[in-house]
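Student:
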Amino acid sequence: MKGKSILDGIHLQIEEGDAVGFYAPDQESQNTLIDVLSTSEIQSAGDLYINGLNTRFDLKRVKRILSSVIYAFDNELSVNQNLLLHAKFFEMDPLTREKKIIDTMRFLDIEELLPLNPKNLNSFDLFRLSLARALITSPKILFICEPWFDLQREQKAFILEILEEIKESTTLIFAAKSLEWLHRLANKVGVINQGKIKDFGPPQILLKTQVGLEVIEFVYREDEIDYFIGRLHKDYDYHMIEDRLFLFLKPGQDSKKILEMINSDEVIIRKPDLSDLLIRHVAKPDLKETPYV
Numbered sequence: 385m386k387g388k389s390i391l392d393g394i395h396l397q398i399e400e401g402d403a404v405g406f407y408a409p410d411q412e413s414q415n416t417l418i419d420v421l422s423t424s425e426i427q428s429a430g431d432l433y434i435n436g437l438n439t440r441f442d443l444k445r446v447k448r449i450l451s452s453v454i455y456a457f458d459n460e461l462s463v464n465q466n467l468l469l470h471a472k473f474f475e476m477d478p479l480t481r482e483k484k485i486i487d488t489m490r491f492l493d494i495e496e497l498l499p500l501n502p503k504n505l506n507s508f509d510l511f512r513l514s515l516a517r518a519l520i521t522s523p524k525i526l527f528i529c530e531p532w533f534d535l536q537r538e539q540k541a542f543i544l545e546i547l548e549e550i551k552e553s554t555t556l557i558f559a560a561k562s563l564e565w566l567h568r569l570a571n572k573v574g575v576i577n578q579g580k581i582k583d584f585g586p587p588q589i590l591l592k593t594q595v596g597l598e599v600i601e602f603v604y605r606e607d608e609i610d611y612f613i614g615r616l617h618k619d620y621d622y623h624m625i626e627d628r629l630f631l632f633l634k635p636g637q638d639s640k641k642i643l644e645m646i647n648s649d650e651v652i653i654r655k656p657d658l659s660d661l662l663i664r665h666v667a668k669p670d671l672k673e674t675p676y677v
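Under this note's numbering, the letters of the sequence shown match residues 385 to 677, in that order.
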């Protein structure tokens, strides 16, 4: 949108074989990043290199090696006709494309959908069909956004199991709206806030360097919190969300001394997890699962 900067100063490097998950408090920024990286949108400044190719000059060659999971289909055609049309666009020969379509639909357990019309499919089947279309060209890089629509528990589990298998042979780049996708799939995590990537790297390294060794989490009283914070040394890193305070302890910081200062009936001491990484940058993170403890 003219005059509006959704992303700013993005600098990152993704290696072949990575599974990279991005999280942002607003879906617009993370979806825009996925759109730019997948070449669905062209960046307004800077350069994007994919497999050593500059997308400004070699866009057609770049598009041959990547795929995005997109839900739009031609409802005048059957599922099979939609997939054949996509395969023809990528100039797959007839024998190869027909076999690849059958194999991919079987892999996703939706072979019976081939003669149907896409408009008659439920959300779960439509997602699997969208994933199948993205996979039939055997992309080196797969881009996907975690579904925004509701799915049953077993359907979510099926999708994650499939993606875990896909990432063994394909570079996976995705936008997450839940911690589960980050935990299950990502070997690198990017946290986006206010249009900038605040943290990027392997989860365990980020937790150690950006969060710390332990987290003390407790419910505070409004009339006591100023006194508690006033007694904290300036080197302590904390974050407040509603009536809960999260204190991130670095090496050398003593949890026992902190516990002696806390007057609360609800205190948790735990190892850090990805929810803490998000809490550091997001005032009220919209996390879909209870943080892992």
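Don't be surprised by glycine CBs; every beta carbon is placed ideally from N, CA and C. Every value quoted in this text rests on a predicted model; they were computed, and no experiment measured them.
1) For the beta strand (DSSP E) holding ASN577, just list the boundary residues, first then last.
2) Would you give the residue range spanned by the beta strand (DSSP E) that LYS582 belongs to?
3) Grab the span of the alpha helix (DSSP H) containing GLY614 for me, first residue to last.
4) Which whole-angstrom value is the C-beta distance of SER462 and LEU500, which I expect to be below 8 Å?
5) What do you get for TYR604, buried or exposed, if any count of 16 or more other CB atoms within 10 angstroms of its CB means buried?
6) Going by C-alpha to C-alpha distance, which of PHE508, GLU564, VAL453 and ILE426 sits closest to PHE678?
7) Let me know the secondary structure DSSP gives ALA559 once reduced to three states.
8) Should ASN647 go down as buried or exposed, given a rule of 16 or more other Cβ atoms within 10 Å for buried?
9) Hey, could you find the ends of the beta strand (DSSP E) SER451 is sitting in?
10) If we require 4 or more residues per run, which alpha helix (DSSP H) segments fall completely within the region 414-479?
11) Of the residues LYS580, ILE581, LEU515 and VAL575, which one's Cα is nearest the Cα of ILE550?
12) Indicate whether the contact test is met: 3 or more Cβ pairs, each with one atom in the region 641-660 and one in the region 582-600, closer than 8 Å.
13) Looking only at DSSP bridge pairs, what is ILE486 linked to?
14) For HIS567, which beta-bridge partners are listed by DSSP?
15) Is the distance from the Cβ of TYR407 to the Cβ of VAL573 below 9 Å?
16) So the beta strand (DSSP E) ASP621 belongs to, where does it begin and stop?
17) What are the residues that DSSP puts in a beta bridge with ARG680?
18) Just to confirm my understanding: we take SER639, look at its own chain, exclude 5 residues before and 5 after, and list those with CB closer than 8 Å. What are they?
19) Since ASP458 contacts ASN464 with CB under 8 Å, what's their CB separation in whole angstroms?
20) Is the CB-CB distance between ILE663 and ALA559 below 9 Å?
21) Under the rule that 16 or more other beta-carbon atoms within 10 Å means buried, what is SER553, buried or exposed?
22) What residues are listed by DSSP as bridge partners for ARG654?
23) Are GLY430 and ILE394 close, meaning C-beta to C-beta below 9 Å?
24) Pull the bridge partners of GLY405 from the DSSP assignment, please.
Tutor: On the basis of the data shown:
1) In the sequence shown, residue 577 corresponds to position 193, counting from 1. Note, ASN577: beta strand (DSSP E), 572-577.
2) Position 198 of the sequence shown holds residue 582. That run of the beta strand (DSSP E) goes 580-585.
3) By one-based count along the sequence shown, residue 614 stands at place 230. If you look at GLY614, you'll find it in the alpha helix (DSSP H) that goes 609-615.
4) Translated into the one-based positions of the sequence shown, residue 462 becomes position 78. Translated into the one-based positions of the sequence shown, residue 500 becomes position 116. Going by Cβ atoms, the distance from SER462 to LEU500 rounds to 7 Å, so yes, they are a contact pair.
5) For this step, residue 604 is matched to residue 220 along the sequence shown. Around the CB of TYR604, 16 or more other CB atoms lie within 10 Å, so the residue is classed as buried.
6) Coverage of the chain is limited to positions 385 through 677, which leaves residue 678 absent and any answer about it impossible.
7) For the purposes of this step, residue 559 is taken as residue 175 along the sequence shown, with counting starting at 1. It is a strand residue.
8) Looking up residue 647 in the sequence shown gives position 263. Under this definition ASN647 is an exposed residue.
9) One-based indexing of the sequence shown puts residue 451 at position 67. That run of the beta strand (DSSP E) goes 450-452.
10) 443-447 and 463-473
11) What you label residue 550 is simply residue 166 of the sequence shown in a count that begins at 1. It is LEU515 whose Cα lies nearest to the Cα of ILE550.
12) A contact is defined here as three or more CB-CB pairs under 8 Å, and the region 641-660 meets this definition with respect to the region 582-600.
13) Reading the sequence shown from its first residue, position 102 is the one you call residue 486. According to DSSP, which records beta bridges pairwise, ILE486 is partnered with nothing at all.
14) Start at 1 with the first residue of the sequence shown, and residue 567 comes out as number 183. DSSP, once it has assigned bridges, lists no residue as partnering HIS567.
15) Locating residue 407 in the sequence shown gives position 23, where the first residue counts as 1. Locating residue 573 in the sequence shown gives position 189, where the first residue counts as 1. Contact: yes.
16) Sequence index remark: in the sequence shown, residue 621 carries index 237 (1-based). Annotation: the continuous beta strand (DSSP E) that includes ASP621 extends over 621-625.
17) The shown model of the chain, from 385 to 677, leaves out residue 680, and the question about it has no answer.
18) Within the sequence shown, residue 639 is the residue found at index 255, counting from 1. Taken in chain order, the residues that qualify are GLU598, ILE600, LEU633 and ILE653.
19) The count along the sequence shown starts at 1 and reaches residue 458 at position 74. The count along the sequence shown starts at 1 and reaches residue 464 at position 80. That pair is no contact at about 12 Å.
20) By 1-based counting over the sequence shown, the position of residue 663 is 279. By 1-based counting over the sequence shown, the position of residue 559 is 175. No, the pair does not count as a contact, with Cβ atoms beyond the cut-off.
21) For the purposes of this step, residue 553 is taken as residue 169 along the sequence shown, with counting starting at 1. Within 10 angstroms of the beta-carbon of SER553 lie fewer than 16 other beta-carbons, which makes it exposed.
22) Indexing the sequence shown from 1 puts residue 654 at position 270. Its beta-bridge partners are VAL599.
23) The count along the sequence shown starts at 1 and reaches residue 430 at position 46. The count along the sequence shown starts at 1 and reaches residue 394 at position 10. Yes. Within cutoff.
24) In the sequence shown, the residue the question calls residue 405 occupies position 21. In DSSP, GLY405 forms a bridge with PHE558 and VAL573.
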